[in-house]
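Numbering (my numbering), first residue to last: -10 to 449. Cβ coordinates follow ideal geometry from the N, Cα and C atoms, glycine included.
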């Protein structure tokens, strides 16, 4: 097994042939390829798999259908997050070798089958099949798909790396905005089973079709600076401003050396601590609105949708600002916002101040989105974009670990509090008391890393 891992992570050489490169010069038929088409293609792919974030809309209807609790059904989300992490971890080197088209195609098929199995699970009322179908198979498919548009955009647009990568991850968050309303409407009209069947087919068409447009830059592409970028759009399309995406790292290091470096350890730990609060809260925002505040189902649905919008805004705004102010500085600001928001959200729940809860819950979600939007650019800053697919894939295991450890653990705590008869507005106290110091530790590590990076620049 160790030999397999060594071979898998030690080989990031592209398998593209000259014939492949020639075909990739064209979009369809004789229409020349232009890099700007990658934005809509990447967005459509991420919109499909980003529906994962709207899972909380499914919790209550499926729980009622299967005569169980929303907490039991919510475990599906965390199983999917674990599958996501496994796929991202293993898929990164494979992505560098075989390119995004094949990986997105494979992930799209898996995500489609996940919806079919989830629909069958609802029909036969099997929680186990739901866990396997949407949780395991769906999570793996999402993980394979997710890392591809981010890697593609980061390599093709180095002059706006922060904005490009943030658009790639923002579209994933935007998927929850759309899915929260479409899922709710379809569940009301058709029930959970048919909702899975319908949306599975729609998502497959979007993601598989867009996969045909995705590709990596040619390996001999020029590396001009922003000042050297041609002003003529046609000329830019013919000779794209990209980094050399498939050669050895410009730093002269191997992938294994990058993954075992101090810089990667800092980035990984900071990312892990930054995303736990968002992962724990986003998947149950609809339930929190209904149980902690006694609001109707319709309120939970629109709050989920608006919350998804702030997830998107956090990714895009912080990503775009990082091109000017720096990725690490914006990461520090986002984690500080997370700590403050956790404190105020808890105050809002305990004192039944719904408006206060909403404002800072949206801020918490924006900060969570910011961490996801900043991480691809931060990795590129530390290691270059040469192997961003593999590095980003491994980094996303921090997100998955945060989701599994935080999600499953806090779900158990919340369930125990409810069974103990704790008042609905105090059920989440222990979870928030635990997340606040974890986020604060992430803030401290980010500050230390900023100082380390600054010192390294000063002495070079």
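- Within the model, the alpha-carbon separation for residue 152 versus residue 106 is close to 36 Å.
- Of 111, 359, 442, the smallest CA-CA separation from residue 264 is found for 359.
- Where residue 150 is concerned, the enclosing alpha helix (DSSP H) starts and stops at 150 to 200.
- Residue 132 sits close to residue 74, with the two beta carbons spaced by under 8 Å.
- Sixteen is the threshold: since fewer than 16 other Cβ atoms of the shown chains lie within 10 Å of the Cβ of residue 246, the residue is exposed.
- By DSSP's assignment, residue 15 forms a beta bridge with 21.
- With a contact defined as Cβ atoms closer than 8 Å, residue 203 and residue 114 miss out at about 38 Å.
- The alpha-carbon of residue 440 is positioned some 20 Å away from that of residue 249.
- Between residue 369 and the set 316, 80, 12, the nearest pair of CA atoms involves 316.
- Counting the other CB atoms within 10 Å of its CB gives residue 378 a total of 16 or more, which places it among the buried residues.
- With contact defined as three or more Cβ pairs closer than 8 Å, the stretch 335 to 352 and the stretch 38 to 46 are not in contact.
- Taking 4 residues as the shortest admissible run, the stretch -1 to 83 contains the following complete alpha helix (DSSP H) segments, listed from N- to C-terminal end: 7 to 12, 27 to 38, 45 to 55.
- Across the structure, residue 125 and residue 13 are spaced so that their CA atoms are roughly 33 Å apart.
- Remark: C-beta atoms of residue 163 and residue 33 do not approach each other more closely than 8 Å.
- The stretch 296 to 307 and the stretch 176 to 191 do not touch, with fewer than 3 CB-CB distances between them shorter than 8 Å.
- Only residues of its own chain outside the window of five on either side were considered, and among them 337 have a CB closer than 6 Å to the CB of residue 345, listed in chain order.
- Counting C-beta atoms within 10 angstroms of its own C-beta, residue 17 has fewer than 16 neighbours from the protein chains shown and is therefore classed as exposed.
- The shortest CA-to-CA distance from residue 292 to any of 65, 169, 443 is the one to 169.
- Around the beta carbon of residue 150, a 10 Å sphere encloses 16 or more other beta carbons of the protein chains shown; the residue is thus reported as buried.
- In this structure residue 282 does not touch residue 384 by the C-beta definition: roughly 36 Å separates them, more than the 8 Å allowed.
- Taking 8 Å as the cut-off, the beta carbon of residue 323 is found no closer than this to the beta carbon of residue 353.
- When C-alpha distances from residue 98 are compared across 242, 192, 270, 394, the shortest belongs to 192.
- Take residue 172, set aside five residues on each side of it, and the residues of its chain with a beta-carbon closer than 8 Å to its own are 40, 43, 46, 47, 184, 188, in chain order.
- With contacts defined by Cβ atoms closer than 8 Å, residue 332 and residue 432 do not form a contacting pair.
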